[in-house]
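Using this note's numbering, read the sequence shown as starting at 9 and increasing by one per residue. Beta carbons: idealized from backbone N, C-alpha and C, even for Gly. First the structure, in the form of structure tokens, and then the observations on it.
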Amino acid sequence: MSAVVHITHGDISFLFTGDAEKEAERDLLESGYNLKATVFKVGHHGSFTSNSRDFISEVNPEYVVISAGKDNKYGHPHKEVLSLFEEFNLR
């Protein structure tokens with residue numbers, strides 16, 4: 009379980025998904041909520057257990073922000089997620 013927050017201020021929106029994993033992302037996709045966001049705070053520090061292709065496609069962010077310590081023992085952000093963001097031209 010993780011808190012998910014969507015904030016809109018004028019024309020800019022932010023989506024924070026905390027440590028929500030792919031199952032929670034699927035639930036959000038099925039919910040019908042507007043998930044589009046200008047800025048997406050990447051889920052679970054850039055883990056491959058979060059940040060599914062379908063979810064990123066729906067959020068359709070202009071910018072992504074990853075919060076992870078340098079050389080952390082978990083390997084965050086994971087290479088698979090960084091490659092996915094490159095496919096979406098997000099850097």
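Have a look at the options and flag the residue whose alpha-carbon is nearest the alpha-carbon of residue i.
{"i": "residue 73", "options": "22, 9, 57, 15", "result": "22"}
{"i": "residue 43", "options": "81, 17, 13, 56", "result": "13"}
{"i": "residue 18", "options": "9, 26, 46", "result": "46"}
{"i": "residue 61", "options": "97, 20, 16", "result": "97"}
{"i": "residue 75", "options": "16, 15, 27, 91", "result": "27"}
{"i": "residue 91", "options": "81, 55, 31", "result": "55"}
Any idea if residue i is buried or exposed, counting beta-carbon neighbours within 10 angstroms, 16 or more meaning buried?
{"i": "residue 59", "result": "buried"}
{"i": "residue 33", "result": "buried"}
{"i": "residue 10", "result": "exposed"}
{"i": "residue 64", "result": "buried"}
Under the DSSP definition of a beta bridge, which residues are partnered with residue i?
{"i": "residue 73", "result": "49"}
Could you pull out every unbroken alpha helix (DSSP H) segment of at least 4 residues lying fully inside the region 23-48, listed in chain order? Here the runs fully enclosed are 30-39.
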